[in-house]
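Working notes, beginning with the structure itself.
Numbering (my numbering), first residue to last: 13 to 593.
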């Protein structure tokens, strides 16, 4: 019998030679101080200045409801040398809570690895709420970041994740939808996605409220002319940190009328989630680069429940004005001008508009989800471009432009072969991304990732040659939206024009989420650079060639290492945010 097996069998199971008893969940464990001393929690408990240090029997009680008797027993088993026990998803959360309490960091890391591998459409909300409701240090942060990255990468074009967005706490739904890293083809598609999700969340809340109203009426055997009820907001990461909201969710019921359909007597939707929905449509979507036709649709788009527009009426109108203002600056600039003077070193104290920080350096953040919860951790490779950046903070007076692209079969890409995305119109130029596999003597196979100023628009052709939107992702019941979206894409847009400047100065960021078990998020960031026509700037990356980025977690075994060389099925998604200065 090996030593570890002997210690586990005779020591933990039989309790031979025990010199201390730990009582947990009404069960006595006859343990050994010399074994427990290896653990920082028990060492402090047994040797520190506490009354328990000299006691023969020590009773432990836990405030954390996630700690269970089974998880505690598994944790003790590891202290007694049993390291071969498999951790299943069904027990991993209680085991992480227990290991965190007992400061068993190696066990915590194993639990996090199991969780990250198990993140999928029907578990992501469960893990996210767990991680944000119970703080287990960096382990909670890793789970939160992984869930966030998964939702950013898969949320838009995976129909199975619609239920996740309906169940997400409203604050987290907002964080994902408004994130620069959220993969969605265009800003208009971002709006359509948000309005469809919000409409379904409102409909579900309204149905629940109606059911609650009728149940209350039956129980009280009363039919008042009018009454007001309140629905508590779903729990969210910020619920405990903010004061009680003065907003409530009101409905009116008439004793003389039958239940109203959704289109009659729209309720006054003012529950706490509504403030978040308003913030999404006011600040989380950048309307200024949408076409006139898209803005016109948004202006008259109404929610079926509230009969009100999703976006406040002033928002698309101000966006159109900002679009015209930017166009005026570009069309009146001479061909030799590079900048538009649309940035500022400071935000005026009386300013009521939005201002957007312009990157001041060239950096790469690798493997961080960048959720905005904590300071971002730098590091990784330096940009291929020269220059360390300006080092000063500037703010753009105009909203940036965002788009997303996808490249399939990246592993099959031949060396030096370029693959281009479709072009996107921004501020008088057509832009796209391209990737290129490069082999270097020092770093081996790398993937080049570049933003490219492709051309000026051909104003004589239909705008559908360079559509601002891909076919809109909608559910079967959104036929009206689908039809109008298709019509929008086929029209020649008033919003198309040509920037005749030879060179423009533009900053940009490129986000790439991993598919593999780490669910990391790489961000490439560039301070403003000069783009002539057909010029590109970008990075060469070794990390994007790894299986963690190219393979789905279900296909990942960690053995092949480099999918750029393996020929396995692989897809990379990129989200781009950019702006002129």
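By construction, the Cβ of each residue, glycine as well, lies at the ideal position given by its N, Cα and C atoms.
Note that the structure is a prediction, hence the values are computed from the model and not measured.
Please return the same chain residues whose Cβ sits closer than 7 Å to the Cβ of residue 195, not counting the five positions on each side in sequence.
164, 165, 168, 416, 585, 587, listed in sequence order.
May I ask which residues mark the beginning and end of the beta strand (DSSP E) holding residue 587?
Judged by DSSP secondary structure, residue 587 falls within the beta strand (DSSP E) whose first and last residues are 583-592.
Same chain only: Cβ atoms within 6 Å of residue 418, ignoring 5 sequence neighbours per side
By the criterion of a C-beta distance shorter than 6 Å, residue 418 is surrounded in its chain by 585, once the five residues flanking it on both sides are discounted.
Which ranges would you report for the alpha helix (DSSP H) in the region 298-337 if only whole runs of at least 4 residues count?
Taking only runs of at least 4 residues, the alpha helix (DSSP H) segments lying wholly in the region 298-337 are 304-312.
Consult DSSP for residue 277 and reduce its assignment to one of helix, strand or coil.
Since pLDDT at residue 277 reaches only 44, below the 50 mark, its modelled position is unreliable, and no value is offered.
Suppose only complete runs of 4+ residues qualify. What are the alpha helix (DSSP H) ranges in the region 397-470, listed by chain order?
Correct list: empty.
Host beta strand (DSSP E) of residue 41 (start-end):
First-last of the beta strand (DSSP E) with residue 41: 39-43.
What is the C-beta distance between residue 348 and residue 512, in whole angstroms, given that I count them as a contact (C-beta under 8 Å)?
11 Å between Cβ atoms; not a contact.
Do residue 359 and residue 352 have their CB atoms nearer than 8 Å?
Not a contact, by the Cβ cut-off of 8 Å.
Buried or exposed: which applies to residue 275, given that a residue is buried once 16 or more other Cβ atoms fall within 10 Å of its Cβ?
No answer about residue 275 holds up, because its pLDDT of 36 lies below 50 and its placement is not dependable.
Please name the residue, chosen from 406, 583, 302, 72, that lies closest to residue 37 on a Cα-to-Cα basis.
Checking every option, the nearest Cα to that of residue 37 belongs to 72.
Cα-Cα separation, residue 143 to residue 557
For residue 143 and residue 557, the distance between alpha carbons rounds to 30 Å.
Nearest-angstrom Cα distance between residue 294 and residue 327?
About 6 Å.
Host alpha helix (DSSP H) of residue 186 (start-end):
In the DSSP assignment, residue 186 falls within the unbroken alpha helix (DSSP H) covering 182-190.
Mind checking which residues open and close the beta strand (DSSP E) that includes residue 151?
From DSSP, residue 151 is part of no beta strand (DSSP E) but of the alpha helix (DSSP H) over 150-166.
Below 6 Å CB to CB, which residues in the same chain sit around residue 589 once its five sequence neighbours on both sides are set aside?
Residues 192, 412, 414, 521 of the same chain have their beta carbon placed closer than 6 Å to that of residue 589, with the five preceding and five following residues left out of the count.
For residue 247 and residue 464, I'd like the C-alpha separation in whole angstroms.
Confidence at residue 247 is low in this model, with a pLDDT of 35, below 50, so the placement of that residue should be treated as unreliable; the coordinate-derived value is given next. C-alpha separation (whole angstroms): 43 Å.
Residue 94 versus residue 51: straight-line alpha-carbon distance, rounded:
Their backbone Cα atoms lie some 15 Å apart in a straight line.
For residue 540, which three-state DSSP category applies?
Residue state, collapsed to three classes: strand.
Is it right to say residue 18 is buried, meaning 16 or more other beta carbons lie within 10 angstroms of its own, or is it exposed?
An exposed status is given to residue 18, since fewer than 16 other beta-carbon atoms sit within 10 Å of its beta-carbon.
Where does residue 98 land, buried or exposed, given buried means 16+ other C-beta within 10 angstroms?
So residue 98 counts as exposed.
I'd like the list of long-range same chain contacts for residue 299, defined as Cβ closer than 6 Å, with 5 residues on each side in sequence excluded.
Correct list, in chain order: 328, 331.
Let me make sure I understand the geometry here. Which of 161, 78, 123 has the alpha-carbon closest to that of residue 187?
A check of alpha carbon separations from residue 187 across 161, 78, 123 identifies 161 as the nearest.
Could you give the distance in angstroms between the alpha-carbon of residue 100 and the alpha-carbon of residue 110?
Between residue 100 and residue 110, the C-alpha separation is close to 15 Å.
Just verifying my parser: in three-state terms, what is the DSSP assignment at residue 354?
In the displayed model, residue 354 falls within coil according to three-state DSSP, outside both helix and strand.
Going by DSSP in three states, residue 50 sits in which element: helix, strand or coil?
Three-state DSSP puts residue 50 in coil, outside helix and strand.
Does residue 550 come out as helix, strand or coil in the three-state DSSP assignment?
The three-state secondary structure of residue 550, taken from DSSP, is strand.
Check for me: the alpha helix (DSSP H) holding residue 142 runs from which residue to which?
For residue 142, the enclosing alpha helix (DSSP H) stretches over residues 136-145.
Pairwise C-alpha distance: residue 76 and residue 43
Straight-line Cα distance between these residues: approximately 23 Å.
Closest by CA to residue 114, which one among 103, 86, 15, 454?
For residue 114, the closest C-alpha among the options 103, 86, 15, 454 is that of 86.
Here's the rule: buried if 16 or more other CB atoms are within 10 angstroms of the residue's CB, otherwise exposed. What is residue 62?
Classification for residue 62: exposed.
For residue 90, name the three-state secondary structure that DSSP assigns.
The answer is helix: DSSP assigns residue 90 an H, G or I state.
Return helix, strand or coil for residue 521, following the three-state DSSP convention.
DSSP, reduced to helix, strand and coil, places residue 521 within a strand of the structure shown.
The beta strand (DSSP E) that contains residue 35, what's its start and end?
First-last of the beta strand (DSSP E) with residue 35: 32-36.
Secondary structure of residue 506, DSSP reduced to three states:
Residue 506: coil per DSSP, three-state reduction.
Any contact between the region 545-560 and the region 213-222? By contact I mean 3 or more CB pairs, one from each, below 8 Å.
Contact fails: fewer than three Cβ-Cβ distances are below 8 Å.
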